[in-house]
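Enquirer:
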Amino acid sequence: MKSYCGRLLYIDLTAESIEKKEIPEDYLLNYIGGSGLAVRIIFDLVDPAIDPLSPENVLVFMTGPLTGTIMPTGARMTVAAKSPLTKGWGEAHAGGFWATELKKAGYDGIVVTGRADKPSYIYICNDEVQIGDASKLWRLDTYQSDLELRRITGEDVKCAVIGPAGENFVNVAGIFFDISLDGPRAAGRCGIGAVMGSKNLKGIAVKGSRSVEVADPQRLREYLKRILPSIMSFPTTQIYSAYGTAGEVAPLYIYGDFPIKDFSLGVWDGVKNLEGEAVAEKIVKGRRACFNCPIGCWRYVNCEVDGEKVTGRAVEYESLGALGSLLMIDDSAKVAYLHQLCNRVGVDVISTGVTIAWLIEAFEKGLIDQEMLNGLQPRWGDYKFIENMIKMIGGRDGIGDLLARGVREASKAVKGSESFAMHSKGLEIPMHDPRAFMGMGLQYATSNRGACHLYGFVLRIEQGERVTDLGIHERVQRFDIRGKGRIVAIMQDWSEVIEAMGFCKFLQVTPGHVASIYSLAVGIRTTAKDLYMKGTMIFHLKRIFNLACGITPREDTLPDRLLREPLSEGGAAGKVVELAEMLREYYEYRGWKEDGYPRKGTLSNLGLLELIKGSRFTAYKELLNKIE
Amino acid sequence: MNEIELFSEDELKEEIIRISKTLYERSLITALGGNISARLPGANEFWITPSQVFKGALKPEDLVKLNMEGEIIEGILKPSIEWPMHAAIYKVRLDVNAIVHAHNPTVLGLTLAGKKLKSTITDEAVILLRRIEEIEFKFPGTVYLAEAVSSAASKGGRAIVLKNHGVLGLGTNLLEAEAIVELLEAIATIEFICYALGKEPEEVPPEEIEVAKKYWGI
Numbered sequence: 001m002k003s004y005c006g007r008l009l010y011i012d013l014t015a016e017s018i019e020k021k022e023i024p025e026d027y028l029l030n031y032i033g034g035s036g037l038a039v040r041i042i043f044d045l046v047d048p049a050i051d052p053l054s055p056e057n058v059l060v061f062m063t064g065p066l067t068g069t070i071m072p073t074g075a076r077m078t079v080a081a082k083s084p085l086t087k088g089w090g091e092a093h094a095g096g097f098w099a100t101e102l103k104k105a106g107y108d109g110i111v112v113t114g115r116a117d118k119p120s121y122i123y124i125c126n127d128e129v130q131i132g133d134a135s136k137l138w139r140l141d142t143y144q145s146d147l148e149l150r151r152i153t154g155e156d157v158k159c160a161v162i163g164p165a166g167e168n169f170v171n172v173a174g175i176f177f178d179i180s181l182d183g184p185r186a187a188g189r190c191g192i193g194a195v196m197g198s199k200n201l202k203g204i205a206v207k208g209s210r211s212v213e214v215a216d217p218q219r220l221r222e223y224l225k226r227i228l229p230s231i232m233s234f235p236t237t238q239i240y241s242a243y244g245t246a247g248e249v250a251p252l253y254i255y256g257d258f259p260i261k262d263f264s265l266g267v268w269d270g271v272k273n274l275e276g277e278a279v280a281e282k283i284v285k286g287r288r289a290c291f292n293c294p295i296g297c298w299r300y301v302n303c304e305v306d307g308e309k310v311t312g313r314a315v316e317y318e319s320l321g322a323l324g325s326l327l328m329i330d331d332s333a334k335v336a337y338l339h340q341l342c343n344r345v346g347v348d349v350i351s352t353g354v355t356i357a358w359l360i361e362a363f364e365k366g367l368i369d370q371e372m373l374n375g376l377q378p379r380w381g382d383y384k385f386i387e388n389m390i391k392m393i394g395g396r397d398g399i400g401d402l403l404a405r406g407v408r409e410a411s412k413a414v415k416g417s418e419s420f421a422m423h424s425k426g427l428e429i430p431m432h433d434p435r436a437f438m439g440m441g442l443q444y445a446t447s448n449r450g451a452c453h454l455y456g457f458v459l460r461i462e463q464g465e466r467v468t469d470l471g472i473h474e475r476v477q478r479f480d481i482r483g484k485g486r487i488v489a490i491m492q493d494w495s496e497v498i499e500a501m502g503f504c505k506f507l508q509v510t511p512g513h514v515a516s517i518y519s520l521a522v523g524i525r526t527t528a529k530d531l532y533m534k535g536t537m538i539f540h541l542k543r544i545f546n547l548a549c550g551i552t553p554r555e556d557t558l559p560d561r562l563l564r565e566p567l568s569e570g571g572a573a574g575k576v577v578e579l580a581e582m583l584r585e586y587y588e589y590r591g592w593k594e595d596g597y598p599r600k601g602t603l604s605n606l607g608l609l610e611l612i613k614g615s616r617f618t619a620y621k622e623l624l625n626k627i628e
Numbered sequence: 001m002n003e004i005e006l007f008s009e010d011e012l013k014e015e016i017i018r019i020s021k022t023l024y025e026r027s028l029i030t031a032l033g034g035n036i037s038a039r040l041p042g043a044n045e046f047w048i049t050p051s052q053v054f055k056g057a058l059k060p061e062d063l064v065k066l067n068m069e070g071e072i073i074e075g076i077l078k079p080s081i082e083w084p085m086h087a088a089i090y091k092v093r094l095d096v097n098a099i100v101h102a103h104n105p106t107v108l109g110l111t112l113a114g115k116k117l118k119s120t121i122t123d124e125a126v127i128l129l130r131r132i133e134e135i136e137f138k139f140p141g142t143v144y145l146a147e148a149v150s151s152a153a154s155k156g157g158r159a160i161v162l163k164n165h166g167v168l169g170l171g172t173n174l175l176e177a178e179a180i181v182e183l184l185e186a187i188a189t190i191e192f193i194c195y196a197l198g199k200e201p202e203e204v205p206p207e208e209i210e211v212a213k214k215y216w217g218i
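If you read the protein sequences in the order shown, they are chains A and B. This note's numbering puts the first residue of the first sequence at 1, with every later residue one more than the last. This note's numbering puts the first residue of the second sequence at 1, with every later residue one more than the last.
1. List, in order along the chain, the chain A residues whose C-beta lies closer than 7 Å to that of Thr142 (chain B)?
2. Taking Cβ positions only, does Arg460 (chain A) come closer than 7 Å to chain B?
3. Give the DSSP-derived three-state secondary structure of Ala134 (chain A) in the structure shown.
4. How many Å lie between Ile81 (chain B) and Asp469 (chain A) at the Cα?
5. What residue range is occupied by the uninterrupted alpha helix (DSSP H) comprising Met438 (chain A)?
6. Indicate the three-state DSSP secondary structure (helix, strand or coil) for Pro559 (chain A) in the structure shown.
7. In the DSSP output, what is His473 (chain A) paired with across the bridge?
8. Please determine if the segment 171–190 of chain B and the segment 23–38 of chain B are in contact, where contact requires at least 3 C-beta pairs separated by less than 8 Å.
9. What does a CB cutoff of less than 6 Å around Leu606 (chain A) pick up in its chain, not counting 5 residues either side in sequence?
10. Have a look at A:Pro24, A:Thr63, A:Ser54, A:Leu53 and flag the residue whose alpha-carbon is nearest the alpha-carbon of Asp629 (chain A).
11. According to DSSP, which residues form a beta bridge with Asn519 (chain A)?
12. Is there at least one Cβ from chain A nearer than 7 Å to Ser8 (chain B)'s Cβ?
13. Measure the Cβ-Cβ separation of Lys199 (chain A) and Arg115 (chain A) and say whether it is below 7 Å.
14. With which residues is Gly286 (chain A) paired in a DSSP beta bridge?
15. Within a Cβ cutoff of 8 Å, which residues of the same chain sit near Lys412 (chain A), ignoring the five residues on either side of it in sequence?
16. Is the CB of Ile76 (chain B) under 7 Å away from at least one CB in chain A?
17. By a C-beta neighbour count over all protein chains shown, 10 Å radius and 16 as the cutoff for buried, is Leu558 (chain A) buried or exposed?
18. Tell me which residues share the same chain as Leu563 (chain A) and place their Cβ nearer than 7 Å to its Cβ, disregarding the 5 neighbours each side in the sequence.
19. List the residues of chain A whose Cβ lies closer than 8 Å to the Cβ of Pro79 (chain B), in chain order.
20. Can you check whether the C-beta of Met1 (chain B) is within less than 7 Å of a C-beta belonging to chain A?
21. Determine the extent of the alpha helix (DSSP H) in which Val143 (chain B) is found, giving its start and end residues.
22. Does Leu168 (chain B) come within less than 7 Å of chain C when only Cβ atoms are used?
23. From what residue to what residue does the beta strand (DSSP E) around Asp397 (chain A) run?
24. State the start and end residues of the unbroken beta strand (DSSP E) segment that holds Gly166 (chain B).
25. Against chain B, with Cβ distances strictly below 7 Å, would Ile23 (chain A) count as a contact?
26. Let me make sure I understand the geometry here. Which of A:Glu308, A:Glu364, A:Asn448 has the alpha-carbon closest to that of Gln492 (chain A)?
27. Run through chain A and tell me which residues come within less than 7 Å of Ile280 (chain B), C-beta to C-beta.
28. Should Ser17 (chain A) be labelled buried (16 or more other beta-carbon atoms within 10 Å of its own) or exposed?
29. Run through DSSP, which three-state label would Phe385 (chain A) get?
30. If the cut is a Cβ gap below 7 Å, which residues of chain B does Tyr317 (chain A) touch?
31. Below 8 Å on C-beta distance, what does Phe54 (chain B) contact in chain A?
32. Spatial neighbours of Tyr27 (chain A) within its chain, please: CB distance less than 7 Å, with the 5 preceding and 5 following residues excluded, ordered by chain position.
33. Assuming Pro259 (chain A) and Gly321 (chain A) form a contact by the criterion Cβ under 8 Å, report the distance between their Cβ atoms to the nearest whole angstrom.
34. Would you please verify whether the beta carbon of Leu252 (chain B) is less than 7 Å from any beta carbon of chain A?
35. What would DSSP say about Leu8 (chain A), mapped onto helix, strand or coil?
36. Which residues in the same chain as Pro206 (chain B) place their Cβ atom closer than 8 Å to its Cβ, once the five residues preceding and following it in sequence are excluded?
Okay, here's the thing in structure tokens:
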């Protein structure tokens, strides 16, 4: 099968062993790559009962078949493990250049097991792979770590590193890629950086010199050249290209989608300073792109905040929400500064912003014990306080130790605060208020990694998009309930395909075109329907992993704020997420029982029942008994 | 190729490409608009143009062969999103072996201005178009459009106007379907000229229409 390297790098840090193993062809055929292949490997190797921060957890870096090919935006990868934040399926994604470099070195992915006895790094240069001593890098922030790792291994390597947060097992820590190339791409979510930290693994430096071969390069090139103009004319693609993801702030605010003050306000004047044009005018100095990307959605920022310089990638739609409107910061330069601080410390901006917003609100409501705060005065819009909090989370200092556990765990320690702890399954809610788009509420509640905006992004359908290739012909209204179960399921399953492929969702390629591109790249003719079936299977395997981890369907839910507290103003005024009815329809469409457990017949049709039965881990056997 | 077949599938594909180029050059479709399909008489599979590829310079390997459920039998590119509309027509019209869908500007202009196209203003139109069906706007690529088109096609006509969208020419072969699309544009242009000059277009004498009606069973 072309466009794959066909092999994975298995690195056991306990035994200090390095193995290059062929990937079974049926794995590639059925699980495609990226997060699809990652879930199969984790299913094989990880006992769902383990502690996510134990050496028994497995950290998988996985590219897709289109990563590193001529396919525009083919720069994506997945990092997966059992999540310390959700205690279930964990995955995070990043673009940039690292994933392409890994394929150029000859590997589709890396599977890291065990725990090194001292701080370590991995160096990969084609067939040469070494485990090195990273003691000198320990305690350095991500920027310094990247610099130091390149100093040790060579200027032309591409690096993935963790910051102090990952070393300190902060549940919202991420992994940061390509910092030297104008700022990091973050695989931020699910505390995947803490898993890397728990392995005493500070960074991975990669250098490759091969090219990724596709099955029919001439025809693929010609096809892409022919369809690209129409794909690039897609409205949101043009917005991303013109203003970066910040371009979405203004249009989505009108819907009431852009969250303000911990999801408690629908209207706020400060938003006008966070809109794409305002941000561009104030702090943006250039446009940058990931490997082979014609969109170039990320922005090079250059500004100063109270004498502190901010340069590189430091502002996105999500950070303008999580570190801006959510905390009532209305200055894009300050948001950029806080974003960069999160990058340096090594934490996810979404989870960090949501957790700090919860703290401020809990303090405001008088729920936080003064002793816990040690003299700190949480206040909306106070960027110095937020700066302090980010540092304290990274270092697990004082109240930062509580926040470092993520908003779910933190809220359990503060009576009366759980209703506004904004998470689902422990993963903090991204910057799309589901009271503005009901389907997003169902998506958050049922996504396998917790509140995830990437798997489905059904708000596009609720804005009026149709996906006829997947049978979504109808125009749905955003506040409608009926029909959302089906649409969310379809879009989640198709998103599995895109994440498995290794290219970016911002390129609006229709399913039929994806099938054509895959066929020409891999050399196996496929259809959108075939790929979709694989997406459904991958989604279910993640669900099964979660159930085996003890995450019951009762956790297919949202915080009370979204279910019971309507906003008084704005585009979503008066609405709450009517989850129960959507969930019923969703379970039924998926072929699950009313209690949210998949039926045996459904698993059997997807070819998963035999796989689960064959697992060596007791958790799956117990799960099968429950499904009976 | 079966000895008794008049056309081979390769010839069908070449003809589809020729028509697509002609329609583009005549401004009846835009660079990415329109779609064309054809099948060997009686076949349950058809060849169709690809989606989002420039229609002025298609190649045989760009075309996709589908069955009536839209499953790809041959070809690698994504088929036109309008395949459900084509399949729906083939299912209800065994006499139709070719469908040309274009975006005729003059036809649309007149229709959207509230003027009804007349198939009785030239002898050619009387014979070839016979009658013109018109359907309300349905979003392209959806099953709703396919259902509406299927319903219109099942009345036996060969020319269908899709409001705010375009036209369909249905033929026993590709040339006929192409001719219907071109003829629709021709009569729309004639009518437009008449209206521009402040006149109602005069129809072919009634007795001639009567003869044609009897002869053709219209």
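Positions of the beta carbon are idealized from the N, C-alpha and C atoms, including for glycine. Remember, it's a predicted structure, so these values are computed and weren't measured experimentally.
Expert: Taking the coordinates as given:
1. Ordered by position in chain A, the residues that pass the 7 Å Cβ test against Thr142 (chain B) are Arg466, Thr468, His473.
2. No, because no Cβ of chain B sits closer than 7 Å to the Cβ of Arg460 (chain A).
3. coil
4. 7 Å
5. 438–446
6. coil
7. DSSP lists no partner for His473 (chain A).
8. yes
9. Met537, His540
10. Past the edges of chain A, shown from 1 to 628, lies residue 629 (chain A), and the structure says nothing about it.
11. The amino acid at residue 519 (chain A) is misidentified as Asn; the sequence shows Ser. Per DSSP, none; premise fails for Ser519 (chain A).
12. False, the Cβ-Cβ gap to chain A never drops below 7 Å.
13. yes
14. A:Tyr300
15. Glu418
16. yes
17. buried
18. Val576, Val577, Leu579
19. Gly512
20. Because the pLDDT at Met1 (chain B) is just 44, under 50, the model does not fix this residue reliably, and the value given afterwards should be weighed accordingly. No, Met1 (chain B) does not count as interfacial toward chain A.
21. 143–153
22. Included in the structure are the protein chains A and B, with no chain C among them.
23. From DSSP, Asp397 (chain A) is part of no beta strand (DSSP E); its letter is neither H nor E.
24. 166–171
25. Cβ-Cβ to chain B under 7 Å: no for Ile23 (chain A).
26. A:Asn448
27. Lying before the first or after the last residue shown, residue 280 (chain B) is absent from chain B, which here runs from 1 to 218.
28. Looking at its Cβ environment, which holds fewer than 16 other Cβ atoms inside 10 Å, Ser17 (chain A) is exposed.
29. helix
30. None at all; the shortest Cβ gap to chain B is about 27 Å.
31. The answer, in chain order, is Arg226.
32. Leu37, Arg40
33. 6 Å
34. Nothing about residue 252 (chain B) can be reported from this structure: the residues present for chain B run from 1 to 218 only.
35. strand
36. Exclusion of the five residues before and after Pro206 (chain B) leaves no residue of its chain whose Cβ lies closer than 8 Å to its Cβ.
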